[in-house]
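**Student:**
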Amino acid sequence: MHIVVIGATGHIGTFLVPRLVRAGHRVTALSRGTSTPYADAPEWQQVERVTADREQEDRDGSFGDRIAALGADAVVDLVCFTVDSARSLVEALRGSGTHLVHCGSIWRAGASHVLPITEENATPPTGEYGVQKDAIARMLEEETASGGLSTTSLHPGHISGPGWIPIGPLGNLDTSVLARLSAGGAVEVPGLGAESMAHVHADDVAQAFQLAVEHRDAADGQAFFITAPTALTARGYAHLAASWFGQEARLDSVTWDRFRETTAPEHADASWEHLSRSQVFSTEKATRLLGYAPAFTAEETVLDAVRWLVEHGELELPNPLVV
């Protein structure tokens with residue numbers, strides 16, 4: 201197939217584009233031209249690269265027509281964040297026979313009520329990002345159900361992997377937490393520490409997108425949660441991270457008020473956004489309909505990310521990894 205990947209040099213595209221090339225597909229990779237893939241691969245030499253400023257072209261109404269003119273069998277949209285942007289692409293592709301596969305987010309689901317969360321029992325989203333992602337997914341489902349464009353939406357968890365900092369044990373990107381754990385220092389954990397996070401390796405997300413493209417009939421009109429097969433609690437993640445350095449985690453439970461007093465606002469806000477949802481997802485639907493088989497547990501996912509950062513000098517810690 202001819203597959204267009206929008207946002208091709210990001211977290212998912214870094215792994216998806218080489219996967220598609222290895223599978224024999226012709227790939228056109230769109231990006232703003234300001235970044236390179238997080239990991240190099242020889243398959244990129246076989247890819248047609250196109251530079252486009254989506255935000256500007258969405259504003260002037262030309263982006264959808266640009267994509268439609270490529271005449272692709274499938275379009276994978278990894279960087280769509282508003283209903284208006286999604287709708288304009290749908291309208292441009294309608295009637296073309298193209299399959300549109302959209303990247304959503306697990307945050308289309310709100311705080312957990314029943315675990316694991318499925319596509320059927322998820323609570324309504326909170327926050328603008330989750331609300332928009334949910335609205336896009338619903339619009340796409342309605343589009344396909346009404347006989348319009350063939351669409352699918354995939355909703356990944358906290359994407360991690362080589363090249364960038366993963367969501368850490370406290371639900372934020374504060375690497376000083378890893379430094380304290382690696383040195384055997386005490387870490388203050390807000391709440392119970394039993395709150396869950398839903399990590400997923402970028403290559404497993406890429407696997408799911410490849411499967412959705414290659415199993416169009418099964419994916420048509422569907423939405424799928426895509427995460428690792430396991431989920432980490434805050435305290436479990438902290439104990440795991442300490443063990444990477446041969447340490448025992450020393451954790452102190454504190455109130456959220458105390459945590460906000462001692463934590464930079466951006467990190468405290470991120471912690472609340474991740475931990476207050478306390479999400480664990482089922483991927484049974486993706487496994488049953490698409491054959492999704494994640495290669496990385498949540499534990500392996502975060503270790504892979506941290507190991508890459510350490511080995512490439514992107515993260516300096518008091519003690520070396522012992523795993």
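Numbering (my numbering), first residue to last: 201 to 523. Glycine residues also receive a C-beta, built at the ideal position from the N, C-alpha and C atoms.
1. Can you list, in chain order, the residues of its chain whose CB lies under 8 Å from that of Leu-289, leaving out five sequence neighbours each side?
2. Going by CA-CA distance only, name the one from Ser-382, Pro-316, Thr-375 that's closest to Thr-430.
3. If you draw a straight line from the alpha carbon of Pro-325 to that of Glu-473, how long is it in whole angstroms?
4. What do you reckon, are the CB atoms on Ala-410 and Ala-223 nearer than 9 Å?
5. Taking the alpha carbon of Asp-417 as the point to measure from, which residue in Thr-351, Leu-220, Ala-335 has its own alpha carbon closest?
6. Roughly how many whole angstroms lie between the Cα atoms of Leu-349 and Ala-408?
7. Is the segment 236-253 close to the segment 303-311, with three or more CB pairs under 8 Å?
8. Exposed or buried, Pro-356, counting other C-beta atoms within 10 Å across all chains shown (16 or more means buried)?
9. According to DSSP, is Phe-424 helix, strand or coil?
10. Assuming Arg-427 and Ala-398 form a contact by the criterion Cβ under 8 Å, report the distance between their Cβ atoms to the nearest whole angstrom.
11. With DSSP run on the structure shown, which of helix, strand or coil describes Pro-518?
12. Run the CB neighbour count on Gly-368, radius 10 Å, all protein chains shown included, and call it buried at 16 or more, exposed below.
13. When the Cα atoms are used, what is the spatial distance from Glu-414 to Val-217?
14. Taking three-plus beta-carbon pairs below 8 Å as touching, is the segment 444-456 in contact with the segment 374-383?
15. So, using beta-carbon positions, are Leu-517 and Leu-370 closer together than 9 Å?
16. Based on Cα-Cα distance, which residue from Gly-213, Gln-245, Pro-242 lies nearest to Leu-230?
17. Spell out the partners DSSP gives Phe-481 in its beta bridges.
18. From the DSSP output, which residues share a beta bridge with Pro-237?
19. Report the partner residues of Gln-450 according to the DSSP bridge assignment.
20. Go ahead and label Gly-210 buried or exposed: buried means 16 or more other beta carbons lie within 10 angstroms of its beta carbon, across all protein chains shown.
21. Measure the C-alpha to C-alpha separation of Tyr-329 and His-302 and round it to an integer number of angstroms.
22. Would you tell me roughly how many angstroms separate the C-alpha atoms of Val-480 and Ser-396, rounded to the nearest one?
23. May I ask you to report which of helix, strand or coil DSSP gives Leu-289?
24. Work out the CA separation of Glu-499 and Leu-440 for me, nearest whole Å.
25. Kindly indicate which three-state DSSP category Arg-294 falls into: helix, strand or coil?
26. Run through DSSP, which three-state label would Val-205 get?
27. Rounded to whole angstroms, what is the Cα-Cα separation between Asp-374 and Ile-206?
28. With distance defined between alpha-carbon atoms, name the residue in His-225, Val-221, Ala-394, Val-400 nearest to Ala-438.
29. Do Ile-336 and Ser-353 have their C-beta atoms closer together than 9 Å?
30. Hey, Ala-241 and Val-227: beta-carbon distance below 9 Å or not?
**Tutor:** Checking against the coordinates, here is how it stands:
1. Looking up residue 289 in the sequence shown gives position 89. For Leu-289, where only same-chain residues beyond five positions count, the Cβ hits under 8 Å are Phe-263, Gly-264, Ile-267, Val-275, Asp-277, Cys-280, Leu-300.
2. Locating residue 430 in the sequence shown gives position 230, counting from the first residue. When only C-alpha atoms are compared, the closest one is Pro-316.
3. For the purposes of this step, residue 325 is taken as the residue at position 125 of the sequence shown. For the purposes of this step, residue 473 is taken as the residue at position 273 of the sequence shown. Rounded to the nearest angstrom, the two C-alpha atoms are 12 Å apart.
4. As a first step, residue 410 is located in the sequence shown; it is residue number 210 there, counting from the start. As a first step, residue 223 is located in the sequence shown; it is residue number 23 there, counting from the start. This sequence places Gln at residue 410; Ala is not what is there. It is a contact, given that the beta carbons lie within the stated cut-off.
5. Here residue 417 corresponds to residue number 217 of the sequence shown, with the count starting at 1. Closest option to Asp-417, Cα to Cα, is Thr-351.
6. Position 149 of the sequence shown, counted from the first residue, corresponds to residue 349. Position 208 of the sequence shown, counted from the first residue, corresponds to residue 408. Cα to Cα, Leu-349 sits roughly 20 Å from Ala-408.
7. The way I'd put it, the segment 236-253 doesn't touch the segment 303-311; fewer than three beta-carbon pairs between them come closer than 8 Å.
8. For the purposes of this step, residue 356 is taken as residue 156 along the sequence shown, with counting starting at 1. The residue in question, Pro-356, is buried, as its Cβ has 16 or more Cβ neighbours within 10 Å.
9. Here residue 424 refers to the residue found at position 224 of the sequence shown. Residue state, collapsed to three classes: strand.
10. As a first step, residue 427 is located in the sequence shown; it is residue number 227 there, counting from the start. As a first step, residue 398 is located in the sequence shown; it is residue number 198 there, counting from the start. The residue you asked about is not Arg; residue 427 is Thr in the sequence shown. Right, the Cβ-Cβ distance comes to about 5 Å (below 8 Å), so this counts as a contact.
11. Reading the sequence shown from its first residue, position 318 is the one you call residue 518. In the structure shown, Pro-518 sits in coil (DSSP, three-state: anything other than H, G, I, E or B).
12. Position 168 of the sequence shown, counted from the first residue, corresponds to residue 368. Flag for Gly-368 reads buried.
13. For this step, residue 414 is matched to residue 214 along the sequence shown. For this step, residue 217 is matched to residue 17 along the sequence shown. Between Glu-414 and Val-217, the C-alpha separation is close to 14 Å.
14. Using a Cβ-Cβ distance cut-off of 8 Å, the segment 444-456 and the segment 374-383 are in contact, since at least three pairs of beta carbons, one from each stretch, lie closer than that value.
15. Within the sequence shown, numbered from 1, the residue matching residue 517 stands at position 317. Within the sequence shown, numbered from 1, the residue matching residue 370 stands at position 170. No, Cβ-Cβ distance for Leu-517 and Leu-370 is not below 9 Å.
16. In the sequence shown, residue 230 corresponds to position 30, counting from 1. Considering only alpha carbons, the answer is Gly-213.
17. For the purposes of this step, residue 481 is taken as the residue at position 281 of the sequence shown. Partner(s): Ile-317.
18. Stepping through the sequence shown from its first residue, residue 237 is reached at position 37. Pro-237 is not bridged to any residue.
19. Translated into the one-based positions of the sequence shown, residue 450 becomes position 250. In the sequence under discussion, the amino acid at residue 450 is Arg, which differs from the Gln named in the question. Answer by DSSP bridge pairing, in chain order: Ala-386.
20. As a working mapping, residue 210 is identified with position 10 in the sequence shown. Here Gly-210 is buried. Its C-beta has 16 or more other C-beta atoms within 10 Å.
21. Locating residue 329 in the sequence shown gives position 129, counting from the first residue. Locating residue 302 in the sequence shown gives position 102, counting from the first residue. Each residue's alpha carbon lies about 15 Å from the other.
22. On the sequence shown, position 280 is the one that residue 480 refers to. On the sequence shown, position 196 is the one that residue 396 refers to. Roughly 7 Å separates the two Cα atoms.
23. The count along the sequence shown starts at 1 and reaches residue 289 at position 89. The answer is helix: DSSP assigns Leu-289 an H, G or I state.
24. For this step, residue 440 is matched to residue 240 along the sequence shown. For this step, residue 499 is matched to residue 299 along the sequence shown. Taking the straight line from one Cα to the other gives about 8 Å.
25. Looking up residue 294 in the sequence shown gives position 94. In the structure shown, Arg-294 sits in coil (DSSP, three-state: anything other than H, G, I, E or B).
26. Numbered from its first residue, the sequence shown carries residue 205 at position 5. In this structure, Val-205 counts as strand in the three-state DSSP scheme.
27. As a working note, residue 374 is residue 174 in the sequence shown. As a working note, residue 206 is residue 6 in the sequence shown. The alpha-carbon atoms of Asp-374 and Ile-206 are separated by roughly 29 Å.
28. For the purposes of this step, residue 438 is taken as the residue at position 238 of the sequence shown. It is Ala-394.
29. Residue mapping note: residue 336 aligns to position 136 of the sequence shown, counting from 1. Residue mapping note: residue 353 aligns to position 153 of the sequence shown, counting from 1. Yes, the Cβ-Cβ distance between Ile-336 and Ser-353 is below 9 Å.
30. Working through the sequence shown from its first residue, we reach residue 241 at position 41. Working through the sequence shown from its first residue, we reach residue 227 at position 27. The answer is no: Cβ separation not under 9 Å.
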